[in-house]
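A.B. asks: In numbering that gives the first Met the number 0, the protein residues as written are 0 to 522. Below is the structure I would like to discuss, written out as structure tokens.
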Amino acid sequence: MTSILPATSSLRIGGLASGIDTDSIIKELMKAQRIPLDRLNQNKQVLLWQQEDYRAIYDSLRAFRDRVFNMKLQATYLAKKASSSNEAAVTATANPTATPGTYTVTVNKLATGVSKVSQIELNDETKDGTILTLKDQFSLTTDTISFTLKGSKGEKDFFFDTTKDTIYDVVKKINDANLGITASYDSNLNRFILATTSTGKDAIVNVTKDDNHFLSDASDYGTGTPSNTLKLKLVTGTEVTGQDAEFNLSIGDANVNSYTSSTNTVTVAGITLNLKQADPNNPVTITVSNDTDAVFNAIKDFVSAYNEIIDKINGKLTEPRYRDYLPLTDEQREQLSDEQEKKWEEKARSGLLRGDSLLESVVSRMRATMSAIVPGLAAGYDTLADVGITTLSYEERGKLYIDEAKLKGALQKDPDGVMNLFTKSAENYAEKGIAMRLYDDVNSAMALISARAGTSSSYSTADNSAIGRQIAAMNERISTMEERLRQLEDRYWRQFTAMEQAIQQMNAQSAWLAMQLGMGQGR
Numbered sequence: 000m001t002s003i004l005p006a007t008s009s010l011r012i013g014g015l016a017s018g019i020d021t022d023s024i025i026k027e028l029m030k031a032q033r034i035p036l037d038r039l040n041q042n043k044q045v046l047l048w049q050q051e052d053y054r055a056i057y058d059s060l061r062a063f064r065d066r067v068f069n070m071k072l073q074a075t076y077l078a079k080k081a082s083s084s085n086e087a088a089v090t091a092t093a094n095p096t097a098t099p100g101t102y103t104v105t106v107n108k109l110a111t112g113v114s115k116v117s118q119i120e121l122n123d124e125t126k127d128g129t130i131l132t133l134k135d136q137f138s139l140t141t142d143t144i145s146f147t148l149k150g151s152k153g154e155k156d157f158f159f160d161t162t163k164d165t166i167y168d169v170v171k172k173i174n175d176a177n178l179g180i181t182a183s184y185d186s187n188l189n190r191f192i193l194a195t196t197s198t199g200k201d202a203i204v205n206v207t208k209d210d211n212h213f214l215s216d217a218s219d220y221g222t223g224t225p226s227n228t229l230k231l232k233l234v235t236g237t238e239v240t241g242q243d244a245e246f247n248l249s250i251g252d253a254n255v256n257s258y259t260s261s262t263n264t265v266t267v268a269g270i271t272l273n274l275k276q277a278d279p280n281n282p283v284t285i286t287v288s289n290d291t292d293a294v295f296n297a298i299k300d301f302v303s304a305y306n307e308i309i310d311k312i313n314g315k316l317t318e319p320r321y322r323d324y325l326p327l328t329d330e331q332r333e334q335l336s337d338e339q340e341k342k343w344e345e346k347a348r349s350g351l352l353r354g355d356s357l358l359e360s361v362v363s364r365m366r367a368t369m370s371a372i373v374p375g376l377a378a379g380y381d382t383l384a385d386v387g388i389t390t391l392s393y394e395e396r397g398k399l400y401i402d403e404a405k406l407k408g409a410l411q412k413d414p415d416g417v418m419n420l421f422t423k424s425a426e427n428y429a430e431k432g433i434a435m436r437l438y439d440d441v442n443s444a445m446a447l448i449s450a451r452a453g454t455s456s457s458y459s460t461a462d463n464s465a466i467g468r469q470i471a472a473m474n475e476r477i478s479t480m481e482e483r484l485r486q487l488e489d490r491y492w493r494q495f496t497a498m499e500q501a502i503q504q505m506n507a508q509s510a511w512l513a514m515q516l517g518m519g520q521g522r
């Protein structure tokens, strides 16, 4: 008597003949075998968390570097402000290149564009809620009209089917032509408008051709003005232009200079003027001065950003480490609620950069820079402490504080001295200004972190950082171990299946013998 299953069967037979819970036994056997793999996955997860923490600090340093870059620029410390004696006529803003002093502006003309509006109301463009065609609205006798428009950006021929097109089609086609001319139709006033998109003498509207007189020649006006035109009072072939702004500017008692501009916003001598009213008889006084408040706020914001990045790094360096809380395995995670899992993970990933030597060196270098002396500067302006920026207790790990009165006083007394303290340029790192050094410090820190953990902004699929290489090596070990465990589990199943087949065969033979014995006794 043979077994009902061949001895070479790959089927997994789970205790059908023996009554043994094969599946549970093999799971327990594999559970013990999986312990090294679980530990390896936990170690990998720790590395992934460390990498995330490093990269978060890298991103924060990159944002901080932008702040430091602004503090390297002399323009940050040369901020100017401007005031006007008559803001209804002229307003002004000053950029860092403007020279402090008093300026006199006389506005003779404002820059204008061209705007032509229908001289009288046009016929309503709708009837019973339906938009009328050009033929119906203007009582045209022709089925087509055409005209040629020239603007500052070019010239174009326009053609319209008066039986289909409406006044809104005229508007759209003119606007789509990008000639430097805009068209519009005010349905409330029943008026059509052509206007230039810019101002100045180069802003033009010219109807170079209008065989149907749709845009209306001047000759159309007078007694019996026809109803079949837009009545813009444009003469065919005559260019209508805007005008440039004209103004005079003098600095102190210096000679008066005359200027023209195609717009009413113009920058002269580092001052941006917004011309609003032309009044040759009433000059406007513009006063330009150093904007110490803007410089103070820039320094204050910089110190705040510095404290923020220092606090973030120090927070990671001093974060408590809970060594009894390892990353959860899949089996452990199944036994916890979502809330329990969240709390466990918070402790498991806490303190992974505690006392990290790389971050310690980053903070140390930044703190040294902020307390350094900048050689070659005037006494009283060669350290941050001289201008009111200092640290307090050691426990605050380098946090900066500002004596606002002292800093404002330094800015008012010697703004250039404060600027040089931050922006002094030199080949030698030790001779550079504070912002110059700090920018180098941050770049060095970012390079070190990138080498250790890579960056989140990297577009490369290959992570060649130190942690990236460790994770890649672990992935290979994990793959090898998983394959070995799969083979081991298959071997266990083959062994138990063979046992089940043997027991099944023995049971079949016993049943056959019992049947034979029963038949013999019956004789």
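Virtual Cβ for every residue (Gly too), placed ideally from N, Cα, C.
Is the segment 321-338 close to the segment 35-45, with three or more CB pairs under 8 Å?
C.D. replies: The segment 321-338 is in contact with the segment 35-45.
A.B. asks: Of the residues F146, L60 and S197, which one's Cα is nearest the Cα of L109?
C.D. replies: For this step, residue 109 is matched to residue 110 along the sequence shown. Residue S197 is the option with its Cα nearest to L109.
A.B. asks: So the alpha helix (DSSP H) D65 belongs to, where does it begin and stop?
C.D. replies: Counting from one through the sequence shown, the residue named residue 65 turns up at place 66. Looking at the DSSP string, the run of the alpha helix (DSSP H) that includes D65 is T21 to K71.
A.B. asks: Could you tell me the alpha carbon to alpha carbon distance between N419 and R476, rounded to whole angstroms?
C.D. replies: In the sequence shown, the residue the question calls residue 419 occupies position 420. In the sequence shown, the residue the question calls residue 476 occupies position 477. Rounded to the nearest angstrom, the two C-alpha atoms are 56 Å apart.
A.B. asks: Using C-beta distances below 6 Å, list every residue in its chain close to V116, excluding the 5 sequence neighbours before and after it, in chain order.
C.D. replies: Within the sequence shown, the letter at position 117 stands for residue 116. Excluding residues within five positions, the ones whose Cβ falls inside 6 Å are R190 and I192.
A.B. asks: Pull up the distance between the alpha-carbon of G269 and that of F63, whole angstroms please.
C.D. replies: The sequence position of residue 269 within the sequence shown is 270, counting from 1. The sequence position of residue 63 within the sequence shown is 64, counting from 1. Each residue's Cα considered, the two are about 29 Å apart.
A.B. asks: Does the segment 23-33 come within contact of the segment 317-324, defined as at least 3 CB pairs closer than 8 Å?
C.D. replies: Not touching, per the Cβ criterion.
A.B. asks: Run through the segment 318-347 for me and flag every whole beta strand (DSSP E) of 3 or more residues, listed as ranges in chain order.
C.D. replies: Fully enclosed beta strand (DSSP E) runs of 3 or longer: not present.
A.B. asks: Run through DSSP, which three-state label would V206 get?
C.D. replies: The residue given as residue 206 occupies position 207 in the sequence shown. Residue state, collapsed to three classes: strand.
A.B. asks: Nearest CA to the CA of L274: which residue from E86, E488 and P414?
C.D. replies: Position 275 of the sequence shown, counting from 1, holds the residue named residue 274. Comparing Cα positions, the closest option is E86.
A.B. asks: So, with DSSP's three-state summary, where would you put L545?
C.D. replies: Within the shown structure, residues of the chain are numbered from 0 to 522, placing residue 545 beyond reach of any answer.
A.B. asks: What do you get for N474, buried or exposed, if any count of 16 or more other CB atoms within 10 angstroms of its CB means buried?
C.D. replies: Locating residue 474 in the sequence shown gives position 475, where the first residue counts as 1. Exposed: under 16 other Cβ atoms inside 10 Å.
A.B. asks: From the DSSP output, in three-state form, read off R353 for me.
C.D. replies: As a working mapping, residue 353 is identified with position 354 in the sequence shown. If DSSP states are grouped into helix, strand and coil, R353 belongs with coil.
A.B. asks: Assuming A78 contacts V294 (C-beta within less than 8 Å), just tell me the rounded distance between them.
C.D. replies: As a first step, residue 78 must be located in the sequence shown, where it is residue number 79. As a first step, residue 294 must be located in the sequence shown, where it is residue number 295. Indeed they touch by this definition, with Cβ atoms about 5 Å apart.
A.B. asks: List the whole-angstrom C-beta distance separating P414 from N289, where the pair is believed to meet the contact cut-off of C-beta under 8 Å.
C.D. replies: Residue numbering aside, residue 414 sits at position 415 when the sequence shown is read from its first letter. Residue numbering aside, residue 289 sits at position 290 when the sequence shown is read from its first letter. Indeed, because the Cβ distance is near 6 Å, the residues count as touching under 8 Å.
A.B. asks: What is the DSSP secondary structure of D185, counted as helix, strand or coil?
C.D. replies: Taking the sequence shown and counting its residues from 1, one reaches residue 185 at position 186. D185 falls in the strand class under three-state DSSP.
A.B. asks: 9 Å is my cut-off, CB to CB: does T147 come that close to chain B?
C.D. replies: Among the chains in the structure shown there is no chain B, since it carries only a single protein chain.
A.B. asks: Only counting the same chain, and skipping five residues up and downstream in sequence, which positions put a Cβ closer than 8 Å to that of V152?
C.D. replies: Your numbering for residue 152 matches position 153 in the sequence shown. The identity of residue 152 in the sequence shown is Lys, whereas the question assumes Val. Within the same chain, K152 has close Cβ partners N177, L178 and G179.
A.B. asks: If you draw a straight line from the C-alpha of D462 to the C-alpha of R451, how long is it?
C.D. replies: As a working mapping, residue 462 is identified with position 463 in the sequence shown. As a working mapping, residue 451 is identified with position 452 in the sequence shown. About 10 Å.
A.B. asks: Quick one: any contact between the segment 300-316 and the segment 347-364, if contact means 3 or more CB pairs under 8 Å?
C.D. replies: Because the criterion of three Cβ pairs below 8 Å is met, the segment 300-316 and the segment 347-364 touch.
A.B. asks: What's the call for P225, buried or exposed, on a 16-neighbour Cβ count within 10 Å?
C.D. replies: The residue you call residue 225 lines up with position 226 of the sequence shown. Any answer about P225 is weak, because its pLDDT of 48 lies below 50 and its placement is not dependable; what the coordinates show is given next. Exposed, because fewer than 16 other Cβ atoms sit within 10 Å of the Cβ of P225.
A.B. asks: Measure the alpha-carbon distance for Q411 versus A277 and round it to whole angstroms.
C.D. replies: In the sequence shown, the residue the question calls residue 411 occupies position 412. In the sequence shown, the residue the question calls residue 277 occupies position 278. Cα to Cα, Q411 sits roughly 37 Å from A277.
A.B. asks: Under the assumption that T286 contacts T92 (Cβ atoms under 8 Å), give the Cβ distance between them as a whole number of angstroms.
C.D. replies: As a working mapping, residue 286 is identified with position 287 in the sequence shown. As a working mapping, residue 92 is identified with position 93 in the sequence shown. No, T286 and T92 are not in contact; Cβ-Cβ is about 12 Å, not under 8 Å.
A.B. asks: Let's test the definition: count the other Cβ atoms within 10 Å of the Cβ of N263 and tell me whether it reaches 16, buried, or not, exposed.
C.D. replies: The count along the sequence shown starts at 1 and reaches residue 263 at position 264. So N263 counts as buried.
A.B. asks: From what residue to what residue does the beta strand (DSSP E) around N247 run?
C.D. replies: Here residue 247 refers to the residue found at position 248 of the sequence shown. Taken as a continuous stretch (DSSP letters only), the beta strand (DSSP E) holding N247 covers A244 to I250.
A.B. asks: Taking the straight line between their C-alpha atoms, what separation do you get for A297 and R66?
C.D. replies: Residue numbering aside, residue 297 sits at position 298 when the sequence shown is read from its first letter. Residue numbering aside, residue 66 sits at position 67 when the sequence shown is read from its first letter. Rounded to the nearest angstrom, the two C-alpha atoms are 9 Å apart.
A.B. asks: Can you tell me whether A244 is buried or exposed? The criterion is at least 16 other CB atoms within 10 Å of its CB, across all chains shown.
C.D. replies: One-based indexing of the sequence shown puts residue 244 at position 245. Flag for A244 reads buried.
A.B. asks: Looking at C-beta atoms only, is the number of pairs between the segment 135-152 and the segment 203-212 that lie closer than 8 Å three or more?
C.D. replies: Result yes; three or more Cβ-Cβ pairs closer than 8 Å.
A.B. asks: Is any non-hydrogen atom of the ligand MN found closer than 8 Å to the C-beta of T271, if you look at the structure I gave you?
C.D. replies: Judged by which ligands are present, the structure shown has none, so any question about the ligand MN falls away.
A.B. asks: As an exercise, report each continuous alpha helix (DSSP H) stretch of at least 4 residues that is fully enclosed by the segment 103-190, in chain order.
C.D. replies: Qualifying alpha helix (DSSP H) stretches, in chain order: 133-137 and 166-175.
A.B. asks: If I'm right that T161 touches D175 with Cβ under 8 Å, what's the distance once you round it to whole angstroms?
C.D. replies: Position 162 of the sequence shown, counted from the first residue, corresponds to residue 161. Position 176 of the sequence shown, counted from the first residue, corresponds to residue 175. Contact flag wrong, Cβ pair sits at about 19 Å.
A.B. asks: Using the Cβ count rule (16 or more neighbours within 10 Å means buried), how would you classify N506?
C.D. replies: Stepping through the sequence shown from its first residue, residue 506 is reached at position 507. So N506 ends up on the exposed side.
A.B. asks: To which residues does DSSP link I192 through a beta bridge?
C.D. replies: The residue labelled residue 192 in the question sits at position 193 within the sequence shown. Its beta-bridge partners are V116 and S183.
A.B. asks: Using a Cβ-Cβ cutoff of less than 6 Å, which residues in the same chain neighbour W48 once the five nearest sequence positions on both sides are dropped?
C.D. replies: On the sequence shown, residue 48 is found 49 positions in, with the first residue counted as 1. The answer, listed in chain order, is R348 and L351.
A.B. asks: If we ignore side chains and look at the alpha-carbon of each, how far apart do A81 and I166 end up?
C.D. replies: Walking along the sequence shown from the start, residue 81 turns up at place 82. Walking along the sequence shown from the start, residue 166 turns up at place 167. One C-alpha to the other measures close to 48 Å.
A.B. asks: Taking the straight line between their C-alpha atoms, what separation do you get for G517 and M498?
C.D. replies: Stepping through the sequence shown from its first residue, residue 517 is reached at position 518. Stepping through the sequence shown from its first residue, residue 498 is reached at position 499. Whole-angstrom Cα-Cα distance: 28 Å.
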